[in-house]
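Colleague: Right, I'll just put the structure down here and ask away after.
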Amino acid sequence: MAFAINSLSLVFFRSLLFSFAVLTQQSYAQLAVTQSSNDCVYTIYTKTGTRSDSGTDSNISLELYDSDGNHVEIPNLGDSGLMGPDHDYFENGNLDISSALGKCLPGPVCGITLTSDGTKAKSGWYVDYVQVIVTGPNASCAQKLFTIEQWLALDESPHALTVTKNVCVN
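Numbering (mature numbering (1 follows the signal peptide of the UniProt record, and there is no 0)) for the sequence shown: -29 to -1, 1 to 141.
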């Protein structure tokens, strides 16, 4: 248990450093045009399972929620990916990293909706987990791990292209 907590702490620290590095790579001109004082950086870690044919070429979107229902949408995690131009996202066993700039939610992220558009030849996708890390100038740094462990596929149980995980306490 202590090892797992230390591992998560290490992942969180590395993610924080990685998010900082991403922000500092942008030019000041870009920041003036694209970022406001109410914007946060959302860093998303998506782990694809290792089951047979668990990878997908479909477009994957993510909505993040706080306990009051405020949300931020990332329309295509692959398009906002940080793994390089030739990386093949959401393939068997991959841990993919995406980052998006968006309005800061008033509360911490406590719910997600993950959706596959079901297009492309390999539309089924087995997702192990999604981890969300939020940083911003007017927000405290926070992380949340959402265990998915299910298919987003029409031909595999639960026969759906969308999954919602909500751990919000109202």
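All C-beta atoms, glycine included, are put in the ideal place defined by N, C-alpha and C.
With a 10 Å radius around its C-beta and 16 neighbouring C-beta atoms as the bar for buried, classify residue 80 as buried or exposed.
Modeller: The residue given as residue 80 occupies position 109 in the sequence shown. Buried, because 16 or more other Cβ atoms sit within 10 Å of the Cβ of residue 80.
Colleague: Go to residue 97, then tell me how far its beta strand (DSSP E) extends in each direction, as first and last residue.
Modeller: The count along the sequence shown starts at 1 and reaches residue 97 at position 126. Per DSSP, residue 97 belongs to the beta strand (DSSP E) from 96 to 107.
Colleague: Take residue 42 and list the residues in its own chain whose beta-carbon comes closer than 7 Å to its own, dropping the five residues that flank it on each side.
Modeller: Within the sequence shown, residue 42 is the residue found at index 71, counting from 1. For residue 42, where only same-chain residues beyond five positions count, the Cβ hits under 7 Å are 34, 35 and 36.
Colleague: Between which two residues does the beta strand (DSSP E) carrying residue 137 extend?
Modeller: To locate residue 137, count along the sequence shown from 1; it is residue 166. Counting along the chain, the beta strand (DSSP E) containing residue 137 begins and ends at 133 to 137.
Colleague: What does the alpha-carbon distance come out to for the pair residue 58 and residue 68?
Modeller: Locating residue 58 in the sequence shown gives position 87, where the first residue counts as 1. Locating residue 68 in the sequence shown gives position 97, where the first residue counts as 1. Cα to Cα, the separation comes out at about 11 Å.
Colleague: Is the segment 123 to 135 in contact with the segment 95 to 106, if contact means three or more CB pairs nearer than 8 Å?
Modeller: Judged by Cβ distances under 8 Å, the segment 123 to 135 makes contact with the segment 95 to 106, as three or more pairs qualify.
Colleague: With burial defined as no fewer than 16 other Cβ atoms inside 10 Å of the residue's Cβ, what is the status of residue 66: buried or exposed?
Modeller: For the purposes of this step, residue 66 is taken as residue 95 along the sequence shown, with counting starting at 1. Residue 66 comes out exposed.
Colleague: Using 8 Å as the threshold, is the C-beta distance between residue 29 and residue 48 below it?
Modeller: Counted from its first residue, the sequence shown places residue 29 at position 58. Counted from its first residue, the sequence shown places residue 48 at position 77. Their beta carbons are not under 8 Å apart, which means residue 29 does not touch residue 48 by this criterion.
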